[in-house]
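**Student:**
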Amino acid sequence: MTELNRSRAVASAGDPAPAPEPKKRSQKDASLWMDTWRSLRKNPWFLISTVLLLVMITMALFPQLFATHDPRECFLGRSRQEPSAEHWFGTDIQGCDYYTRVIYGAGNSIAVGVIVTSSILVFGSLLGLIAAYFGGWVDALLMRVTDLIFAIPYLLGALVFLAVQQDRNVWDVAFILIVFTWPTMARLMRGSVFSVIHNDYVTAARALGAGPVTIMRRHIVPNALGPVVGYAAVYTGIIIGAEATLTFLGVGLQLPAISWGLQLNDAQNYLQQMPHLLTFPLIFVAITVFAFTTMGEALRDALDPKSKKR
593 MTELNRSRAV ASAGDPAPAP EPKKRSQKDA SLWMDTWRSL RKNPWFLIST VLLLVMITMA
653 LFPQLFATHD PRECFLGRSR QEPSAEHWFG TDIQGCDYYT RVIYGAGNSI AVGVIVTSSI
713 LVFGSLLGLI AAYFGGWVDA LLMRVTDLIF AIPYLLGALV FLAVQQDRNV WDVAFILIVF
773 TWPTMARLMR GSVFSVIHND YVTAARALGA GPVTIMRRHI VPNALGPVVG YAAVYTGIII
833 GAEATLTFLG VGLQLPAISW GLQLNDAQNY LQQMPHLLTF PLIFVAITVF AFTTMGEALR
893 DALDPKSKKR
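Going by this note's numbering, the sequence shown opens with residue 593, and the numbers climb by one from there.
Structure follows, in structure tokens:
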């Protein structure tokens with residue numbers, strides 16, 4: 593019995609220790625997002641842009657919190673008044689309180705930017721992901737279509753197609769901008785996928801028999817989406833500026849809609865006599881574009897490990 597017990601002890605000592613269980617993916621993702629959040633908290637430009645965007649988005653959703661006048665309450669008797677204590681931004685040609693009009697103009701202007709960016713983020717990223725993952729004729733076909741649309745300047749394309757429409761609302765302007773701007777997001781996502789598709793964890797997942805959808809969803813998208821998300825925030829500001837430009841040129845939103853672009857369009861004929869009509873909506877457009885651009889750069893630096901300093 594003694595020799596038997598001794599043999600069992602030696603055999604037990606020679607057995608390898610059980611392998612530790614791998615960490616759950618949810619814990620890994622949580623750690624990634626915590627690292628991202630810690631990086632963002634230390635970025636002062638992220639905090640500044642966050643405050644500005646919160647104010648602008650709240651203004652767009654709840655303009656009555658910032659202005660007490662009715663934006664459509666206009667009296668010709670008070671037309672073209674200078675800024676004063678009663679009317680902070682003065683009044684416009686129709687005698688409307690200009691501060692109220694600028695506040696309410698945030699809704700349509702920001703709505704166009706958010707609708708367009710959200711749509712091209714989903715559609716463009718999906719096409720770029722499929723093209724990069726499958727490659728071959730799939731990549732060639734999708735990229736040639738992308739290059740065809742990309743070759744047309746989006747402002748010129750939107751200018752031509754919107755000019756032939758009689759009635760133009762937020763959805764009409766957003767749809768045309770989506771048609772001509774999605775290639776940028778598709779090409780960005782394609783390049784980002786190419787940078788991670790040959791990594792070891794993707795090769796290991798394929799070797800273990802994971803399907804294309806599983807590999808794309810669990811391994812490629814989380815690691816390739818950082819630059820795309822950051823650029824999406826930047827692009828929101830670009831689209832808001834594009835909407836203001838198109839409306840300023842007379843092919844964007846139409847009355848009775850209220851937007852910063854319409855206010856800039858109305859003010860162009862009175863620039864010398866009443867410069868405040870152009871100055872105030874232009875300031876709001878600039879602040880909004882600046883906030884989205886700064887937010888996008890901060891998100892890109894935090895989500896894309898390659899952009900971080902080692």
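Glycine included, C-beta positions come from ideal geometry on N, C-alpha and C.
Need the endpoints of the alpha helix (DSSP H) that residue 682 sits in, please.
**Tutor:** Element bounds for residue 682: n/a, residue is neither H nor E.
**Student:** Using 10 angstroms around the beta-carbon of residue 852, count the other beta-carbons present and answer buried if the total reaches 16, otherwise exposed.
**Tutor:** So residue 852 ends up on the buried side.
**Student:** Give me the DSSP bridge partner(s) of residue 689.
**Tutor:** DSSP output for residue 689 lists 683 as bridge partner(s).
**Student:** Within this structure, are the beta carbons of residue 722 and residue 750 separated by less than 7 Å?
**Tutor:** No, they are not a contact pair.
**Student:** Are the region 870 to 881 and the region 696 to 710 touching, with three or more C-beta to C-beta distances below 8 Å?
**Tutor:** They touch, by the three-pair rule.
**Student:** Is there contact here, the region 838 to 857 with the region 820 to 830, by at least three beta-carbon pairs under 8 Å?
**Tutor:** No, because fewer than three Cβ pairs between the region 838 to 857 and the region 820 to 830 fall closer than 8 Å, the two stretches do not touch.
**Student:** Identify which residue in 831, 715, 788 has its Cα closest to the Cα of residue 778.
**Tutor:** Answer by Cα proximity: 715.
**Student:** Does residue 894 get closer than 7 Å to chain D when you measure Cβ to Cβ?
**Tutor:** Of the protein chains in the structure, only one exists, and it is not chain D.
**Student:** Can you give me the C-alpha to C-alpha distance between residue 886 and residue 711, rounded to a whole angstrom?
**Tutor:** Residue 886 and residue 711: Cα-Cα distance of roughly 21 Å.
**Student:** Can you check whether the CB of residue 687 is closer than 7 Å to the CB of residue 668?
**Tutor:** Closer than 7 Å, so yes.
**Student:** Cα separation between residue 771 and residue 757?
**Tutor:** Spanning the two alpha carbons is a distance of roughly 15 Å.
**Student:** CA-CA distance, residue 708 and residue 677?
**Tutor:** About 38 Å.
**Student:** Is the region 758 to 766 touching the region 730 to 741 in the sense that three or more CB pairs, one from each, lie closer than 8 Å?
**Tutor:** They do not touch, by the three-pair rule.
**Student:** Taking the alpha-carbon positions, what's the residue 819 to residue 892 distance?
**Tutor:** So the alpha carbons of these two residues sit roughly 5 Å apart.
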